[in-house]
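*Asks:*
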Amino acid sequence: MNADEELTDEELSSMTTALTEYGADLTLFTRAGLDCLWRNGYRSVRGLWSASRQGLTDAKLPPGAIDHILHLNPQGPELQMFWENLTAAELTTVDDQKVLSLPQGTYFPASTARLHQLLRRTCYDTAFTKMQDCLASDIRRFLVLGTPGIGKSVFLLDLLHRLACMRRTVVLLSSLTYPSALLFQPAAADGYGGGVFKADNPIEFEEELNDPNTWLLCDSIGFAYVKAISVMASSLRAGAYNSFAKTNHLELWMGPWSLEEIRAARRLEPYRATVGVETAEQLYKTWGGIPRFVLEFANNPSMQRKLDYALASKDLLPLLSSVTQIEAAPAASHKLLHVQVNKACEKTEVVFGSDEIAERVTKKLQANGMVALRQFLTWSAGEPTIATLRGLLFQALSLKVLARGGTFRVRDLTASASGGGVPREVVLPQLSRLDVQDLAAAEAGCLVIPARKNFPGIDCMAVLPVRGGVGNLGHRRLLLIQLTVAASHPVKDKALAAELQLLPKKLRNLKPALLFAVPPDVFDRIGAQEMSDTGPLSNVQQYALEVPISGFGESTDMSNASGASTTQDSRRSGHVSRARRSGDVSGSAVLVRPHISSCLPTGLGRRSLPLGYITRQAVRGAIVPMRSLGAW
Numbered sequence: 001m002n003a004d005e006e007l008t009d010e011e012l013s014s015m016t017t018a019l020t021e022y023g024a025d026l027t028l029f030t031r032a033g034l035d036c037l038w039r040n041g042y043r044s045v046r047g048l049w050s051a052s053r054q055g056l057t058d059a060k061l062p063p064g065a066i067d068h069i070l071h072l073n074p075q076g077p078e079l080q081m082f083w084e085n086l087t088a089a090e091l092t093t094v095d096d097q098k099v100l101s102l103p104q105g106t107y108f109p110a111s112t113a114r115l116h117q118l119l120r121r122t123c124y125d126t127a128f129t130k131m132q133d134c135l136a137s138d139i140r141r142f143l144v145l146g147t148p149g150i151g152k153s154v155f156l157l158d159l160l161h162r163l164a165c166m167r168r169t170v171v172l173l174s175s176l177t178y179p180s181a182l183l184f185q186p187a188a189a190d191g192y193g194g195g196v197f198k199a200d201n202p203i204e205f206e207e208e209l210n211d212p213n214t215w216l217l218c219d220s221i222g223f224a225y226v227k228a229i230s231v232m233a234s235s236l237r238a239g240a241y242n243s244f245a246k247t248n249h250l251e252l253w254m255g256p257w258s259l260e261e262i263r264a265a266r267r268l269e270p271y272r273a274t275v276g277v278e279t280a281e282q283l284y285k286t287w288g289g290i291p292r293f294v295l296e297f298a299n300n301p302s303m304q305r306k307l308d309y310a311l312a313s314k315d316l317l318p319l320l321s322s323v324t325q326i327e328a329a330p331a332a333s334h335k336l337l338h339v340q341v342n343k344a345c346e347k348t349e350v351v352f353g354s355d356e357i358a359e360r361v362t363k364k365l366q367a368n369g370m371v372a373l374r375q376f377l378t379w380s381a382g383e384p385t386i387a388t389l390r391g392l393l394f395q396a397l398s399l400k401v402l403a404r405g406g407t408f409r410v411r412d413l414t415a416s417a418s419g420g421g422v423p424r425e426v427v428l429p430q431l432s433r434l435d436v437q438d439l440a441a442a443e444a445g446c447l448v449i450p451a452r453k454n455f456p457g458i459d460c461m462a463v464l465p466v467r468g469g470v471g472n473l474g475h476r477r478l479l480l481i482q483l484t485v486a487a488s489h490p491v492k493d494k495a496l497a498a499e500l501q502l503l504p505k506k507l508r509n510l511k512p513a514l515l516f517a518v519p520p521d522v523f524d525r526i527g528a529q530e531m532s533d534t535g536p537l538s539n540v541q542q543y544a545l546e547v548p549i550s551g552f553g554e555s556t557d558m559s560n561a562s563g564a565s566t567t568q569d570s571r572r573s574g575h576v577s578r579a580r581r582s583g584d585v586s587g588s589a590v591l592v593r594p595h596i597s598s599c600l601p602t603g604l605g606r607r608s609l610p611l612g613y614i615t616r617q618a619v620r621g622a623i624v625p626m627r628s629l630g631a632w
């Protein structure tokens with residue numbers, strides 16, 4: 001249309017109709033003003049929604065009319081400013097982490113925090129790349145999952161920026177604003193049109209939603225099947241995404257944040273001025289990598305108490321038993337258990353959220369008489385996705401059982417072992433506890449707990465007394481013990497040998513043996529473990545020791561766990577009855593353990609347990625050889 005030509009009657013009628021539907025007062029618009037709006041593309045309600053102050057000024061609309069149109073805009077100037085400036089966002093680096101920053105005064109929409117910047121995690125790049133690859137193979141629906149509070153909503157905002165730079169049309173549904181929906185449209189090639197549009201119901205954007213080039217971003221909102229490329233981010237509540245999961249889709253998982261990511265995000269707005277470095281790091285130790293509680297709710301006492309509430313559950317067993325069905329787990333479970341993810345955005349396993357959570361859960365299970373702990377270890381056998389979780393709890397049980405002493409089944413794992421690795425029994429003495437900073441302070445007769453958590457190769461060590469007394473060091477054995485729930489557990493023997501040089505000389509000179517303490521389901525399967533060919537420990541004898549779990553192999557139904565019997569067989573529980581002791585041996589042992597010190601018993605005392613030979617014992621209906629400590 002020529003700038004000098006007046007509007008036709010039909011065009012004039014269309015323009016006034018659009019203004020009326022928009023809610024404008026027509027008396028504020030002259031014929032020239034109507035001409036300006038029409039010629040510059042503001043010909044519909046949607047066109048008026050997309051109007052900006054600069055655009056209306058360029059259209060030479062009078063200031064009063066400009067203020068009136070912007071005042072009526074349901075999106076408001078802030079949302080319009082966001083869309084106009086989104087492609088101008090700058091990607092920088094903070095503490096080696098990518099950060100996306102909007103121009104000053106611009107904020108991301110549909111967020112519980114007033115975000116001007118966001119951390120672009122490496123998994124965001126991975127997820128977007130996998131989406132692009134899948135579109136070529138006709139997979140057009142993507143389900144983004146992860147532990148609640150890790151920032152799946154932020155991923156959608158990062159994705160919105162990527163799509164804006166690609167000039168894609170996007171419909172955004174957020175649980176914060178639903179049923180309202182936002183439509184983001186790029187301007188046309190001639191610069192006209194485009195903008196942000198808000199609807200009270202997503203169906204008003206039906207035309208765009210059925211365009212295969214549109215992207216639909218759903219934040220915790222399920223929506224009907226449409227032709228648009230659909231991305232749904234959801235917390236682990238199966239009901240929230242059941243319908244979506246039944247369609248052809250790619251599942252993408254995002255894991256908890258690393259401490260490095262938390263540190264970088266803390267330096268961004270709005271956390272920089274409100275969350276101190278020490279506060280963030282302490283909360284990370286408490287919660288693990290969940291930014292909702294480590295950063296967003298760092299100064300909210302009621303939100304911080306939610307972890308205490310989860311741990312205060314009268315029965316933790318149902319929370320732990322939900323680990324294999326984490327998507328359907330109760331909300332409290334997600335405070336304690338986090339989903340770990342690999343670099344390909346695939347779920348790998350479920351673990352405790354932090355060391356502190358692991359310690360507090362373990363203490364509570366121990367305080368309840370160990371019954372629930374034993375039941376979980378029995379039930380969880382053979383579940384690969386919870387191997388790490390099972391391993392942590394198994395360590396807690398094993399250290400308590402080993403420290404208490406008693407009779408244990410043992411197999412020689414050496415290929416040339418006499419008897420072909422037939423299970424034998426040994427009796428271990430009761431152990432006492434001593435916390436030390438390094439192995440130089442280790443003493444015989446104590447349960448020695450080094451402060452280090454990264455001790456190589458083993459979890460603990462025990463010095464066995466000689467039969468008839470402890471004076472002859474030449475006949476005592478140094479047991480290097482690895483606690484594991486896996487049949488394959490290679491040993492870093494060279495690093496271990498170097499650490500053993502820190503032991504006091506009287507312990508360092510003892511002949512070592514490598515012992516793998518395992519649960520009953522692993523005892524018969526584990527074999528000799530891989531060692532170096534040239535290290536000082538390369539030829540050390542290897543043994544498997546069965547840590548008894550009462551009731552193992554009977555029932556693995558967790559639904560009846562709380563009512564299970566607590567009766568324990570004396571041999572299976574590691575106890576030695578008075579009737580089975582045939583002689584006195586004055587001796588003690590030292591157990592050296594590099595981590596989970598808080599899970600260990602504190603009142604064991606320092607008395608020795610008399611031991612003696614036991615020659616034969618019926619085990620599981622068979623007669624198997626027995627050994628006392630003197631034969632090791």
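Note that the UniProt record's numbering has the sequence shown beginning at 1, numbered continuously upward.
Glycine is no exception: its CB is placed at the ideal position from the N, C-alpha and C atoms.
#1: Would you mind stating whether V231 and L159 have Cβ atoms separated by less than 8 Å?
#2: Can you give me the Cβ contacts of R140 inside the same chain, cut-off strictly under 6 Å, excluding the 5 residues immediately before and after it?
#3: Compare the C-alpha of D308 against each of S321, N299 and L336 and name the closest.
#4: Buried or exposed for Q104, please, with buried defined as at least 16 other CB atoms from any protein chain shown within 10 angstroms of its CB.
#5: If you drop the 5 nearest sequence neighbours on each side, which residues of the same chain put their C-beta closer than 6 Å to that of C599?
#6: Quick check for students: name the residue ranges of the alpha helix (DSSP H) that lie wholly in the stretch 276 to 301, counting only runs of 4 or more.
#7: Out of W379, I458, D67 and F523, which one is the CA nearest neighbour of residue 640?
#8: Tell me which same chain residues have a C-beta within less than 6 Å of the C-beta of R390, skipping the five on either side of it?
#9: Look at the alpha carbon of K343 and the alpha carbon of T92, and state the distance between them as a whole number of angstroms.
#10: With a floor of 4 residues, list each alpha helix (DSSP H) that falls wholly inside the stretch 8 to 64, ordered by position along the chain.
#11: Using the C-alpha atoms, what's the distance from L236 back to G151?
#12: Can you round the beta-carbon distance between P270 and A113 to whole angstroms, since I take them to be within the 8 Å contact cut?
#13: Work out the CA separation of P212 and Y225 for me, nearest whole Å.
#14: Expressed to the nearest angstrom, what Euclidean distance is found between the alpha-carbon atoms of E204 and L72?
#15: Is V144 closer than 8 Å to L252 when the C-beta atoms are compared?
#16: Under three-state DSSP, which class holds P256?
#17: Note down the Cα distance separating K98 from D133, rounded to an integer number of angstroms.
#18: Where I69 and F128 are concerned, what is the direct C-alpha to C-alpha distance, given to the nearest angstrom?
#19: Between G146 and V339, how many whole angstroms is the CB-CB distance? I'm expecting something under 8 Å.
#20: Tell whether a beta-carbon distance below 8 Å holds between S50 and G194.
#21: Considering only the alpha carbon of each residue, which of I481, L510 and V427 lies closest to F516?
#22: If the criterion is Cβ atoms closer than 8 Å, does the pair S354 and W287 meet it?
#23: May I ask you to report which of helix, strand or coil DSSP gives S101?
#24: Just to confirm before moving on: does the CB-CB distance between residue 634 and F184 stay below 8 Å?
#25: Which residue comes first and which comes last in the alpha helix (DSSP H) that contains K227?
#26: Keeping to the same chain, check which residues put their C-beta closer than 6 Å to that of L365; ignore five residues upstream and five downstream.
#27: What residue range does the alpha helix (DSSP H) around E356 cover?
#28: Which word fits P109, buried or exposed, when buried means at least 16 other C-beta atoms lie within 10 angstroms of its C-beta?
#29: In this structure, does DSSP put I326 in helix, strand or coil?
#30: How far does the alpha helix (DSSP H) with H161 in it reach, from first residue to last?
#31: Could you give the first and the last residue of the continuous alpha helix (DSSP H) run that contains S235?
#32: So the alpha helix (DSSP H) S174 belongs to, where does it begin and stop?
#33: If we ignore side chains and look at the alpha-carbon of each, how far apart do L115 and L100 end up?
#34: Across which residues does DSSP place D412 in a beta bridge pair?
#35: Using only the alpha-carbon positions, how far apart do A59 and T30 sit?
#36: Between which two residues does the beta strand (DSSP E) harbouring P270 extend?
*Replies:* Taking the structure as given:
#1: Taking the first residue of the sequence shown as 1, we reach residue 231 at position 231. Taking the first residue of the sequence shown as 1, we reach residue 159 at position 159. Against a cut-off of 8 Å, the Cβ pair of L159 and V231 comes out as a contact.
#2: Residue numbering aside, residue 140 sits at position 140 when the sequence shown is read from its first letter. If we look at R140 and ignore the five residues flanking it on each side, its Cβ neighbours are I229.
#3: One-based indexing of the sequence shown puts residue 308 at position 308. The shortest Cα separation from D308 among S321, N299 and L336 belongs to L336.
#4: If you number the sequence shown from 1, residue 104 lands on position 104. With fewer than 16 other Cβ atoms within 10 Å, it is exposed.
#5: Reading the sequence shown from its first residue, position 599 is the one you call residue 599. The pLDDT assigned to C599 is 36, lower than 50, so where the model puts this residue is not dependable, and the model offers no usable value.
#6: 277 to 287
#7: The first residue shown for the chain is 1 and the last is 632, placing residue 640 beyond what the model contains.
#8: Stepping through the sequence shown from its first residue, residue 390 is reached at position 390. Here the set comprises S380 and V485.
#9: Taking the sequence shown and counting its residues from 1, the one referred to as residue 343 is at position 343. Taking the sequence shown and counting its residues from 1, the one referred to as residue 92 is at position 92. For K343 and T92, the distance between alpha carbons rounds to 22 Å.
#10: 9 to 22, 31 to 39, 45 to 49 and 53 to 58
#11: Position 151 of the sequence shown holds residue 151. Position 236 of the sequence shown holds residue 236. Going by the C-alpha atoms only, they are around 13 Å apart.
#12: Along the sequence shown, one-based indexing puts residue 270 at 270. Along the sequence shown, one-based indexing puts residue 113 at 113. Confirmed, Cβ separation roughly 6 Å.
#13: Numbered from its first residue, the sequence shown carries residue 225 at position 225. Numbered from its first residue, the sequence shown carries residue 212 at position 212. For Y225 and P212, the distance between alpha carbons rounds to 12 Å.
#14: Looking up residue 204 in the sequence shown gives position 204. Looking up residue 72 in the sequence shown gives position 72. Approximately 19 Å, taken between the alpha carbons.
#15: Taking the sequence shown and counting its residues from 1, one reaches residue 252 at position 252. Taking the sequence shown and counting its residues from 1, one reaches residue 144 at position 144. In this structure, V144 lies closer than 8 Å to L252 by Cβ.
#16: By 1-based counting over the sequence shown, the position of residue 256 is 256. In the structure shown, P256 sits in coil (DSSP, three-state: anything other than H, G, I, E or B).
#17: Sequence index remark: in the sequence shown, residue 98 carries index 98 (1-based). Sequence index remark: in the sequence shown, residue 133 carries index 133 (1-based). Cα-Cα distance, rounded: 23 Å.
#18: On the sequence shown, position 69 is the one that residue 69 refers to. On the sequence shown, position 128 is the one that residue 128 refers to. Going from the Cα of I69 to the Cα of F128 covers about 38 Å.
#19: On the sequence shown, residue 146 is found 146 positions in, with the first residue counted as 1. On the sequence shown, residue 339 is found 339 positions in, with the first residue counted as 1. Right, the Cβ-Cβ distance comes to about 6 Å (below 8 Å), so this counts as a contact.
#20: On the sequence shown, residue 50 is found 50 positions in, with the first residue counted as 1. On the sequence shown, residue 194 is found 194 positions in, with the first residue counted as 1. Yes. Within cutoff.
#21: Here residue 516 is taken as the residue at index 516 of the sequence shown, counted from 1. With distances taken between Cα atoms, F516 lies closest to I481.
#22: Start at 1 with the first residue of the sequence shown, and residue 354 comes out as number 354. Start at 1 with the first residue of the sequence shown, and residue 287 comes out as number 287. Yes, these two residues count as a Cβ contact at 8 Å.
#23: By 1-based counting over the sequence shown, the position of residue 101 is 101. S101: strand per DSSP, three-state reduction.
#24: Limits of the chain in this structure are 1 at one end and 632 at the other, which puts residue 634 out of reach.
#25: Along the sequence shown, one-based indexing puts residue 227 at 227. Looking at the DSSP string, K227 is not in any alpha helix (DSSP H), and its letter there is neither H nor E.
#26: What you label residue 365 is simply residue 365 of the sequence shown in a count that begins at 1. Around L365: A372 and L373.
#27: Locating residue 356 in the sequence shown gives position 356, counting from the first residue. Counting along the chain, the alpha helix (DSSP H) containing E356 begins and ends at D355 to A367.
#28: The residue labelled residue 109 in the question sits at position 109 within the sequence shown. Flag for P109 reads buried.
#29: For the purposes of this step, residue 326 is taken as the residue at position 326 of the sequence shown. Note: I326 maps to helix in three-state DSSP.
#30: By one-based count along the sequence shown, residue 161 stands at place 161. H161 -> alpha helix (DSSP H) spans K152 to C165.
#31: Against the sequence shown, residue 235 aligns to sequence position 235. Element bounds for S235: n/a, residue is neither H nor E.
#32: By 1-based counting over the sequence shown, the position of residue 174 is 174. That residue, S174, is in no alpha helix (DSSP H); its beta strand (DSSP E) goes V170 to S174.
#33: For this step, residue 115 is matched to residue 115 along the sequence shown. For this step, residue 100 is matched to residue 100 along the sequence shown. In a straight line, the C-alpha of L115 is about 11 Å away from that of L100.
#34: Residue 412 sits at position 412 when you count from the first residue of the sequence shown. In the DSSP output, where bridge partners are listed per residue, D412 has Y543.
#35: The residue you call residue 59 lines up with position 59 of the sequence shown. The residue you call residue 30 lines up with position 30 of the sequence shown. So the alpha carbons of these two residues sit roughly 14 Å apart.
#36: On the sequence shown, residue 270 is found 270 positions in, with the first residue counted as 1. Neither: P270 is in no beta strand (DSSP E) and is coded neither H nor E.
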